[in-house]
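Worksheet for the structure shown next.
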Ligand SMILES: [Ca+2]
């Protein structure tokens, strides 16, 4: 939006984020599984819904969160992705919680556009309130969350496994107060 001001005039503009429907089905994985999500994978990868009571994660919304998991042994390019079709007409921002665990990158795609990318480097690092701007999209689009292995490994040591934890992708609209 644009606000026309007189010469010398200043004005405080407060932008608030309002959560709005539509939202991702089972966005916080509180069913205890990945019900409502579609996905595909390549290589030695897994998808695990974890309970924060047995695997604590301070950014977890509710009790459960999702882990994209890579075995210690695997090839660069192995991936796991989950997606849903969402009407983005009124959505400005998708916000989510993320924790990296090395040797992989986490991406968000709208159809084939990569709109967010983070390379994991250390283990573990929290990335609270990550935001993707999707204001340019209207209508129904496929929103995908994808985790991809970055390096080949023939290790059999389970401690060499890598993962990304993910929870609560939420759609917001920006509103000016
Ligand atoms: Ca959750």
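Residue numbers (the working numbering): 12 to 188.
Cβ atoms here follow ideal geometry from the backbone N, Cα and C, with glycine treated the same way.
Taking only three categories from DSSP, how would you classify residue i?
i           : result
residue 171 : helix
residue 139 : strand
residue 115 : strand
residue 91  : strand
How close, in whole Å, do the beta carbons of residue i and residue j come, if the pair is a contact with beta carbons under 8 Å?
i           : j           : result
residue 48  : residue 97  : The pair is not a contact, with the Cβ atoms about 12 Å apart (cut-off 8 Å).
residue 161 : residue 115 : 6 Å
What number of angstroms, rounded off, separates the C-alpha of residue i from the C-alpha of residue j?
i           : j           : result
residue 89  : residue 188 : 45 Å
residue 83  : residue 103 : 38 Å
residue 129 : residue 22  : 36 Å
residue 16  : residue 24  : 12 Å
residue 125 : residue 181 : 18 Å
residue 95  : residue 65  : 28 Å
residue 81  : residue 147 : 33 Å
residue 123 : residue 142 : 18 Å
Looking at the secondary structure, which residues open and close the beta strand (DSSP E) in which residue i lies?
i           : result
residue 199 : The question about residue 199 has no answer here: the residues shown for the chain are numbered 12 through 188.
residue 133 : No beta strand (DSSP E) holds residue 133; DSSP gives it neither H nor E.
residue 65  : Looking at the DSSP string, residue 65 is not in any beta strand (DSSP E), and its letter there is neither H nor E.
Note down, in chain order, each residue of its chain lying with its Cβ closer than 8 Å to the Cβ of residue i, except the 5 sequence neighbours on either side.
i           : result
residue 150 : 98, 99 and 100
Between which residues of its own chain and residue i is the CB-CB distance below 6 Å, once the five residues before and five after are set aside?
i          : result
residue 77 : 40, 60 and 177
residue 55 : 82 and 85
Between residue i and the rest of its own chain, which residues show a CB-CB distance below 7 Å, the 5 nearest in sequence each way excluded?
i          : result
residue 35 : 95, 97 and 180
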